[in-house]
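Report on one structure; see the data block that follows.
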Amino acid sequence: MGEYENNLETETDYLQRTLAVIKALLEGEQNQVAAKKSDLIASRRDMYENTAHFSDDFEKLTEMVQHLSPLEVQTYDYGATAKRVDKYNRLLNSPYFARVDFIEEEFGMESIYIGLGNVMDDDDYTTYVYDWRAPIASIFYRYELGKVSYQAPVGTINGEAVLKRQYEIEKGKLQYFFDSNVSIMDDMLKKALSDHAADKMKTIVETIQREQDIIIRDIDHDLVIVQGAAGSGKTSVALHRVAFLMYQSIKEKLGADNIIMISPNSLFGRYISNVLPELGEENVATLTFENIFPLVAGEDISIQGRNSLLEEMITEADDMKKGLLRSSLEFKLSRTFTLVLERYIKHFERHMIEFSDIHFNGECVADRQLLKMDLLSRNKKSMPIEIRLQQMEARIMRRLQELRKDRLIKLERFVHEQTHHPFDAKAFARLLAVKQSAAQRKTIEKFTKLDYLAIYKRLFKDKALFYHLSRGLHLPQNIEEMLDETYKSLCSSHLQYEDGIALMYLKIRMAGCSTFGDIKQVVVDEVQDYYPMHFEILKLLFPYARYTIVGDINQTIEKAGDLSIYEDIRNILNKKRVTTVYLKKSFRSSYEINMFNGKLIDNAMEVESFDRHGSVPEVISKSCTDELNDAVAQEIKLCTELGHSSIAIICKSLREARSLYLCLSNKAAVKLIDQETPEDMKGVLIIPVYLAKGLEFDAVIVYGADDINYRSTEDKKLLYIACSRALHKLTLYYTGNISRFLG
29 MGEYENNLET
39 ETDYLQRTLA
49 VIKALLEGEQ
59 NQVAAKKSDL
69 IASRRDMYEN
79 TAHFSDDFEK
89 LTEMVQHLSP
99 LEVQTYDYGA
109 TAKRVDKYNR
119 LLNSPYFARV
129 DFIEEEFGME
139 SIYIGLGNVM
149 DDDDYTTYVY
159 DWRAPIASIF
169 YRYELGKVSY
179 QAPVGTINGE
189 AVLKRQYEIE
199 KGKLQYFFDS
209 NVSIMDDMLK
219 KALSDHAADK
229 MKTIVETIQR
239 EQDIIIRDID
249 HDLVIVQGAA
259 GSGKTSVALH
269 RVAFLMYQSI
279 KEKLGADNII
289 MISPNSLFGR
299 YISNVLPELG
309 EENVATLTFE
319 NIFPLVAGED
329 ISIQGRNSLL
339 EEMITEADDM
349 KKGLLRSSLE
359 FKLSRTFTLV
369 LERYIKHFER
379 HMIEFSDIHF
389 NGECVADRQL
399 LKMDLLSRNK
409 KSMPIEIRLQ
419 QMEARIMRRL
429 QELRKDRLIK
439 LERFVHEQTH
449 HPFDAKAFAR
459 LLAVKQSAAQ
469 RKTIEKFTKL
479 DYLAIYKRLF
489 KDKALFYHLS
499 RGLHLPQNIE
509 EMLDETYKSL
519 CSSHLQYEDG
529 IALMYLKIRM
539 AGCSTFGDIK
549 QVVVDEVQDY
559 YPMHFEILKL
569 LFPYARYTIV
579 GDINQTIEKA
589 GDLSIYEDIR
599 NILNKKRVTT
609 VYLKKSFRSS
619 YEINMFNGKL
629 IDNAMEVESF
639 DRHGSVPEVI
649 SKSCTDELND
659 AVAQEIKLCT
669 ELGHSSIAII
679 CKSLREARSL
689 YLCLSNKAAV
699 KLIDQETPED
709 MKGVLIIPVY
719 LAKGLEFDAV
729 IVYGADDINY
739 RSTEDKKLLY
749 IACSRALHKL
759 TLYYTGNISR
769 FLG
C-alpha cells in the first residue's frame with residue numbers, strides 16, 4: 029500500500045471519529061433545545077396569565093418585572109443552544125478543511141485540524157477541530173513549512189510546522205486531500221475561483237491569504253484602512269474580520285448588536301447577508317446613510333437616495349447643470365463646508381435665538397439677557413445646544429408650576445366675584461390657567477424648540493450671512509448659482525442627497541445623538557465614494573468605536589479619487605493607532621480579464637493578477653441598436669450554454685437599463701435590477717453600473733461601450749467597475765465609435 033493510501037486510511041478514520049463526536053454533541057444539544065423550548069413556552073404562558081397586561085394595572089407591575097429577568101436568561105440560553113445545533117449540523121457536512129502538524133518545544137507534536145467551529149469531546153476534553161479564528165489556526169494562513177509562531181493569550185508561541193494538509197469534504201465524505209511544502213493555498217484557491225458565482229457572497233475561510241489574515245486578526249489598531257483592488261477580497265476580509273472580533277472579544281463582549289456596517293446600497297447589503305451566518309455568527313446591522321437620516325433627522329423630511337443622485341449625474345446631458353450638480357455635491361460634503369456649519373452653529377447660539385422675558389402673576393420668571401448668558405456659560409459649552417435649551421425650558425416650566433398654585437387661588441377669587449360664574453368658579457379658573465399656561469409654553473418654545481430645516485434653509489437664503497461665515501475659505505466659482513438653486517430646492521420637504529447629509533451633520537452637532545451608543549466597531553465599505561462630511565458624521569455618531577475602512581480609489585463614481593482620501597479619514601477620525609494595508613492581488617477575474625482591465629486604471633495603483641486563465645475578453649461592434657440587441661440576446665444564449673449561471677448585462681445608467689430591458693424581455697429571460705432589492709440574483713440580470721459595484725458574475729456583458737457613453741475621466745472608472753465584475757467571461761458591445769479607453 030502506497031503512502032497516499034496509508035494516509036487516506038488514517039484520515040478517513042479520523043474523519044469518522046470526528047463525525048461521531050459531532051453527532052453525539054448534536055444529539056445532546058437537540059435534546060436540550062427541545063426541553064428548553066418547552067420550558068420557555070411554559071414560562072411565557074405563565075407570565076402572560078399571571079401578570080399585568082396594561083399599564084394601569086399597577087399592582088401587578090412588580091410581579092411582571094420579576095418574571096422578565098429570568099425569562100430573558102431563559103431566552104438567551106435557548107438561543108445559544110439552538111445556535112450550537114445549527115453549528116453542529118453545518119459541521120456534519122464538512123467538519124474541517126485543513127490540518128497543520130505543529131511541534132512546540134517541550135510539548136511535542138500536535139495535529140491541528142481547522143474548520144468553521146470548535147469540536148471538543150465532552151468526555152475526555154480532546155479537541156478534534158479548532159475554529160479557524162483560534163490563535164493557533166493562524167499558522168495555516170500565514171506560514172509555509174518551517175519555523176512558525178502565533179500570538180496566544182499568554183504571549184508568542186514559537187514552534188515548527190512540519191505538515192500542511194488541505195481537504196475536500198462533502199456530505200461527511202472525504203473526497204481528497206493534498207500536501208505541499210510551499211503554499212497549499214493556490215490550488216485550492218484556483219478551484220474555488222473556477223466555480224460559478226453565487227447570488228450571495230460566500231465565505232473564504234479555506235482560501236484566506238496571508239495578507240488577508242493579518243487584517244482579519246488585527247486587534248492592535250483602532251482604525252484599519254484597506255485599499256484593495258477590485259476582486260482582492262476586501263469586503264470578504266472585512267466580514268471575516270467582524271466574525272473574528274466577535275469570536276475573540278471576551279473582555280469587550282463584542283456581539284452583533286455592537287457592530288454596524290455602512291454599505292453603499294441595500295442591494296449590496298443583501299448580497300453580503302449570508303457570510304456571517306455561514307461563519308456561525310449573527311448578522312450585523314447594515315445601513316446606508318439614507319437609512320441613518322430618518323433616525324437622526326426624523327421621518328418628516330425625506331432625502332434623495334444616493335443611487336438617484338448618481339443616476340442624475342450620469343444621465344445629465346447639459347454640461348453646465350452637471351457641473352453644478354458635481355460642485356454642489358463636492359462643496360457641501362467637504363471639510364470647508366463643515367467649517368462653515370461650525371461657524372454657523374456658534375453664530376446661531378450667539379445672535380439668532382430670540383429670547384423673551386417670561387412673566388407670570390406680575391413677576392419676571394426669566395429675563396432674556398440672563399437666559400442668553402446661561403446658554404453661553406462656559407461650563408455648558410460642551411453640551412449640544414438643543415439639550416441646553418431643553419434644560420432651560422424645564423427650569424422655567426418648573427418655576428411656573430411653583431407659582432401657578434398661588435395664581436390659581438387668585439383666579440378662583442376673581443371668577444367667583446363675577447355674577448355669571450357663581451357655581452363653577454374652580455373649573456373656570458382652571459380653564460383660564462390652562463390657557464394661560466399653553467400661551468406661556470408657546471412663548472418659551474419659540475426660543476427653546478429648534479427647526480433644523482429652517483435653520484439650514486436660512487443659511488442659503490441670507491447670502492450676506494453665508495459670505496460672512498465663509499470669510500477666508502475657498503468657495504466654488506459658481507457659489508452664487510449654488511446658493512440660489514439650493515434655497516429653491518430646500519423649499520420642498522424632499523432634500524437633495526448632499527443637503528440631507530449636511531443637515532444630518534448640523535442636527536447631530538446641535539442636538540446630539542445617542543441612537544448608536546452601543547456600537548463598538550464600525551465597518552465602512554466602498555469608502556472611496558464618501559466625502560469628508562460623511563466621516564465627520566460617523567465620528568459624531570460613533571465617537572468611541574473602532575473602525576475598519578475598505579475601498580478602492582480606482583472605483584470611485586462621479587468624483588475624483590486618490591490616496592489622499594485615506595489621509596483625510598485618518599485626520600477626521602483622529603484615532604491613535606492606525607494602520608493602512610494594500611491588497612494588490614485580484615482573485616476575482618481570470619488573468620486575461622485582469623490584463624484587459626489594466627488599461628482602465630491608473631498605473632500608480634498596479635493590480636496583480638492571480639494565475640487563473642480563461643477566455644480573452646471581446647469587444648464587438650454592431651451597426652445599429654437593433655443589431656446590438658440581437659447580438660446581446662445571442663451572447664446570453666452562448667453564456668447559458670457554457671454553464672454560466674449568473675450573467676450580468678451592465679449598463680451605464682438605470683435609464684439605459686430600463687430601455688434595454690424593454691427590448692430584450694421578449695427575446696430572453698432577463699431581470700431588471702433597479703433600486704429595489706430582488707429576492708434572487710441568479711440568471712440574467714440587467715443592472716446599472718453603480719448598483720453592480722461590489723458584486724460579481726460568471727459572465728459580464730458591457731452594453732454600449734461607445735465613445736459617447738464612456739469618454740470622461742469619470743466614465744473611465746465606470747467602465748473599469750463594469751469590466752471588473754466578471755469572473756470568467758467578459759464581452760463588450762457598442763455601436764458607432766468605440767470608447768477612447770478601449771481603442
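Using the numbering used here, read the sequence shown as starting at 29 and increasing by one per residue. Ideal placement from N, C-alpha and C gives every residue a C-beta, glycine not left out.
Taking the alpha carbon of Lys408 as the point to measure from, which residue in Tyr738, Glu377, Glu430 and Cys392 has its own alpha carbon closest?
Glu377
Contact with chain B by Ala685, beta-carbon distance below 7 Å:
Of the protein chains in this structure there is only one, and it is not chain B.
Assuming contact is defined by CB atoms lying nearer than 7 Å, are Leu713 and Lys699 in contact in what I supplied?
yes
Span of the beta strand (DSSP E) around Ala720:
Not the beta strand (DSSP E): Ala720 falls in the alpha helix (DSSP H), residues Val717 to Ala720.
Suppose only complete runs of 4+ residues qualify. What are the alpha helix (DSSP H) ranges in the segment 589-640, listed by chain order?
592-601 and 619-625
Taking DSSP as the reference, what is the three-state secondary structure of Gly107?
helix
For Leu144, which of Gly136, Phe272, Asp150 and Arg45 has the nearest alpha-carbon?
Phe272
Quick check on the DSSP output: the alpha helix (DSSP H) that includes Glu188 runs from which residue to which?
Element bounds for Glu188: not the alpha helix (DSSP H) but the beta strand (DSSP E), Gly183 to Glu198.
For Ile50, is the classification buried or exposed, using 16 other Cβ atoms within 10 angstroms of its Cβ as the cut-off for buried?
buried
Relative to the alpha-carbon of Leu746, which residue among Gly107, Ile629, Lys603 and Met274 has its alpha-carbon at the smallest distance?
Ile629
Taking 7 Å as the limit between beta carbons, can you name the residues of its chain near Leu3, skipping five residues before and five after?
Residue 3 cannot be examined here, being either before or after the span of the chain that is shown, 29 to 771.
Could you please give the first and the last residue of the uninterrupted alpha helix (DSSP H) stretch that includes Cys691?
Leu682 to Leu692
Is the distance from the Cβ of Pro560 to the Cβ of Arg363 below 7 Å?
yes
His387: first and last residue of the uninterrupted beta strand (DSSP E) it sits in
Ile386 to Phe388
Using the rule of at least 16 other Cβ atoms within 10 Å of the residue's Cβ for burial, across every protein chain shown, is Asp385 buried or exposed?
exposed
Determine the burial state of Gly500: buried for a count of at least 16 other Cβ atoms within 10 Å of its Cβ, exposed for fewer.
exposed
Give me the Cα-Cα distance between Phe725 and Ala685, rounded to the nearest whole angstrom.
17 Å
How far does the beta strand (DSSP E) with Gln549 in it reach, from first residue to last?
Gln549 to Val552
Based on the DSSP output, what are the partners of Ser649 in its beta bridges?
Tyr762
Work out the CA separation of Phe205 and Asp580 for me, nearest whole Å.
36 Å
Give a yes or no on whether the C-beta atoms belonging to Ala733 and Ser687 are separated by under 7 Å.
no
Here's the rule I'm using: 16 or more other beta-carbon atoms within 10 Å means buried, otherwise exposed. How should Pro123 be labelled?
buried
Three or more C-beta pairs below 8 Å linking the segment 236-245 and the segment 588-596
no
7 Å Cβ cutoff met for Leu568 and Ile536:
yes
Among Lys612, Ser291, Gln255 and Asn34, whose alpha-carbon lies nearest the alpha-carbon of Gly589?
Gln255
Please work out which residues of its chain come closer than 6 Å, Cβ to Cβ, to Met274, disregarding the five sequence neighbours upstream and downstream, and give them in chain order.
Leu282 and Glu309
Please go through the same chain and pick out, in chain order, the residues whose beta-carbon is closer than 8 Å to the beta-carbon of Ala484, but skip the five residues on each side of it.
It should be pointed out that residue 484 corresponds to Tyr in this sequence rather than to Ala. Once the five neighbours on either side are set aside, the close Cβ partners of Tyr484 are Leu518, Asp527, Ala530, Leu531 and Leu534.
Okay, do the segment 145-158 and the segment 43-62 touch, 3+ Cβ pairs below 8 Å being the bar?
yes
Taking Cβ positions, are Ile715 and Ile749 nearer each other than 7 Å?
no
Residue range of the beta strand (DSSP E) that includes Tyr204:
Lys201 to Asp207
Rounded to a whole number of angstroms, what is the C-alpha to C-alpha distance between Arg423 and Pro571?
30 Å
Ends of the alpha helix (DSSP H) at Lys349?
Asp347 to Lys360
Looking at the unbroken beta strand (DSSP E) that takes in Glu132, where does it start and where does it end?
Ala126 to Glu132
Run through DSSP, which three-state label would Tyr575 get?
strand
Within a Cβ cutoff of 7 Å, which residues of the same chain sit near Lys604, ignoring the five residues on either side of it in sequence?
Asp250
My output table needs one value for Cys751: the three-state DSSP class, helix, strand or coil.
helix
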